[in-house]
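Have a look at the structure below before the remarks.
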Ligand code: ADP
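Numbering (our numbering), first residue to last: 21 to 471.
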């Protein structure tokens, strides 16, 4: 018998001793009345004895039934005690039903969680394993209950996972090859839940097939673009020579010019595809330096003026002191694609404003125009490869349909985000946000360069 049972037993005995007074008190009263010589009055307290005895009997019976967790079943006594028994029996029945429901629900939930092909792991407040489904054994090498209370990072040792669990950006999945089986590619998503969101649900999805398909697609595009580049350069070279040759008949000049335009377009597409393939190779630029963004913007403004040929009103607001840590060619690609898009895709008279500044969130590069704007259904698709709002017009303006895809990938490699907002008739805003830690002050950079 446990300590808890022992203390319950003592309490029960005390209560019983107290309630025996129900019977003992009338007896004592009768004895007292006899001793005091009160005649036949001693009979009166004794008359109470049967009902007091009955109450005591039911009280003890009920206390024992409840204590032993027995079920209260009919037949029930008559009167008030019968009501009490019936109410308690109903209460017991409700409790039993709700317990059964809970057990059924827990069992169904377990069965469902066990049938899920994704790995599911629950971490406690200290980020130790609290529960895992069978798929977690195959995908993450986590066996439950054997690995109960082990820190997740003891089993999945991939760099960056610890930070992601502690204070990570939970909306962003983390792709990784687990150490126990490098042939698997997992996409991990971590969601905080529970009291004060201190527990974590880790969902690991097997993305091996998608990952390989993506690699095949990436390699195919990179190889095909690479293979096409050389023959195309040769063709473009010959067309150029023929255009310049005095022996070329006058009637051939226009077709040659059209051929030249088309080969130039194909060369641009191939160059953009190769750029995209390069950007997709890894998550961050190979080389990072302090990039003089204000300088890049001033150069770009001149090029944009030339492209616009005076048809647009170009304005800028640039924080001259704000530089950025990153890759110069990639950042230039981001800025130029957005600025040239505003010139290419808006009509004459459009006002284009270029902003480079820093606020509480971090550095921000924005290109804002008051052109015709873009309909809302196109906005989520603009960064897809070859997606154009108006195909014919984009081709005319020399667009490849790859510019915003390049911007998105290059920004990802700089931990940046592109946001696009637009309203028909009111223009568009393309904004790039960079994290604070990439911001550099010109003076600090100059001083360190001198040192
Ligand atoms: P493109 O080579 O066609 O410019 P992008 O990927 O850079 O390709 O842009 C995709 C599409 O987004 C463009 O074809 C154009 O329809 C639309 N777009 C981009 N910038 C603007 C803008 N400032 N105003 C209106 N439409 C734009």
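Backbone N, C-alpha and C define an ideal beta-carbon position, used for all residues, glycine too.
Keep in mind the model is a prediction, meaning the values are calculated, not measured.
Inside the segment 331 to 408, DSSP marks whole beta strand (DSSP E) runs of 3 or more residues at positions 333 to 338, 342 to 346, 371 to 378, 383 to 389, from first to last along the chain. No heavy atom of the ligand ADP is found nearer than 6 Å to the CB of residue 446.
The C-alpha of residue 177 is placed about 42 Å away from the C-alpha of residue 397.
For residue 365, the shortest separation between its Cβ and any heavy atom of the ligand ADP lies below 6 Å. Cβ neighbours of residue 106 within its own chain (closer than 6 Å, five residues either side excluded): 96.
Distances from the CA of residue 204 to each of 147, 347, 226 were compared; the closest alpha carbon is that of 226.
Note on geometry: alpha-carbon atoms of residue 40 and residue 82 lie some 15 Å from one another. Residue environment analysis places residue 63 among the exposed positions, since fewer than 16 neighbouring C-beta atoms fall within 10 angstroms of its C-beta. Contact check for residue 149 against residue 130 fails: the beta carbons are separated by 7 Å or more. For the 7 Å CB-CB criterion, residue 308 and residue 345 form a contact. Straight through space, the alpha carbons of residue 102 and residue 65 are spaced by roughly 25 Å. Contact annotation: residue 324 and residue 363 have beta-carbon atoms nearer than 7 Å.
DSSP assignment within the segment 176 to 250 yields the following whole alpha helix (DSSP H) runs of 4 residues or more, N-terminal first: 181 to 187. By the beta-carbon neighbour count (other beta carbons within 10 angstroms, threshold 16), residue 258 is exposed. Sixteen is the threshold: when 16 or more other Cβ atoms of the shown chains lie within 10 Å of the Cβ of residue 153, as they do, the residue is buried. Minimum Cα-Cα distance from residue 75 among the listed residues 104, 58, 183 corresponds to 104.
The residue from 255, 335, 451, 393 with its alpha-carbon nearest to that of residue 320 is 335. Residue 159 places its beta carbon less than 7 Å from that of residue 139. Using a 10 angstroms sphere on the CB of residue 439, the tally of other CB atoms stays under 16, which defines it as exposed. Straight-line measurement puts the Cα of residue 386 at about 34 Å from the Cα of residue 240.
Taking a C-beta distance under 7 Å as the contact criterion, residue 350 and residue 314 do not qualify as a contact pair.
In this structure, the alpha-carbon of residue 292 lies about 49 Å from that of residue 167. Comparing alpha carbon positions, the residue from 145, 190, 191, 99 closest to residue 172 is 145. Between the ligand ADP and the CB of residue 173, the shortest heavy atom gap is not smaller than 6 Å. CA-to-CA, the gap between residue 376 and residue 348 works out to about 16 Å.
Relative to the ligand ADP, residue 362 has its C-beta within less than 6 Å of a heavy atom. Going by beta carbons, residue 444 and residue 388 fall outside the 7 Å limit. With a contact defined as Cβ atoms closer than 8 Å, residue 393 and residue 454 miss out at about 26 Å.
Within the chosen limit of 6 Å, the ligand ADP does not reach the beta carbon of residue 339 with any heavy atom. As computed with DSSP, residue 450 is found in a beta bridge with 387, 440. Excluding five sequence positions before and after residue 156, the CB atoms of its chain that fall closer than 6 Å to its own CB belong to 139, 141, 162, given in chain order. Less than 7 Å separates the beta-carbon of residue 193 from that of residue 209. If you draw a straight line from the Cα of residue 428 to the Cα of residue 414, it comes to about 19 Å.
For residue 104, there is no enclosing beta strand (DSSP E); the residue is found in the alpha helix (DSSP H) stretching over 99 to 135.
Under DSSP, residue 95 forms no beta bridge with any residue.
By the C-beta criterion, the segment 293 to 301 is judged to be in contact with the segment 232 to 252, since at least 3 inter-stretch pairs fall below 8 Å.
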